[in-house]
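See below for the structure under consideration.
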Amino acid sequence: RLVEVIEIPDHPWFVAGQFHPEFTSTPRDGHPLFTGFVAAAQTYQKENH
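Sequential numbering from 4 applies to the sequence shown in the working numbering.
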């Protein structure tokens, strides 16, 4: 088996992938990796600015 995604649960946002999530995304229905990143960025912005 090949590991395709890793994450560090204790890190605010660390995900590494060996695939192309953009190939399964559309502008209206983003891949969970993208939508999760955007949500984390919004949370960071609210908490730090």
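Cβ atoms here follow ideal geometry from the backbone N, Cα and C, with glycine treated the same way. Predicted model only: the values in this text are computed from it and were never measured.
Rounded to whole angstroms, what's the CA-CA distance from Thr46 to Arg4? Just pull it up for me. Here residue 46 refers to the residue found at position 43 of the sequence shown. Here residue 4 refers to the residue found at position 1 of the sequence shown. Distance between Thr46 and Arg4, taken at the CA atoms: about 34 Å.
Relative to the alpha-carbon of Ala42, which residue among Pro15, Gln21 and Val6 has its alpha-carbon at the smallest distance? On the sequence shown, position 39 is the one that residue 42 refers to. Looking at the Cα atoms, Pro15 is the closest of the given residues.
To the nearest angstrom, how far is it from the Cα of Phe40 to the Cα of Phe26? Counting from one through the sequence shown, the residue named residue 40 turns up at place 37. Counting from one through the sequence shown, the residue named residue 26 turns up at place 23. Between Phe40 and Phe26, the C-alpha separation is close to 17 Å.
Three-state class that DSSP yields for Val41 in the structure shown: Start at 1 with the first residue of the sequence shown, and residue 41 comes out as number 38. Val41: helix per DSSP, three-state reduction.
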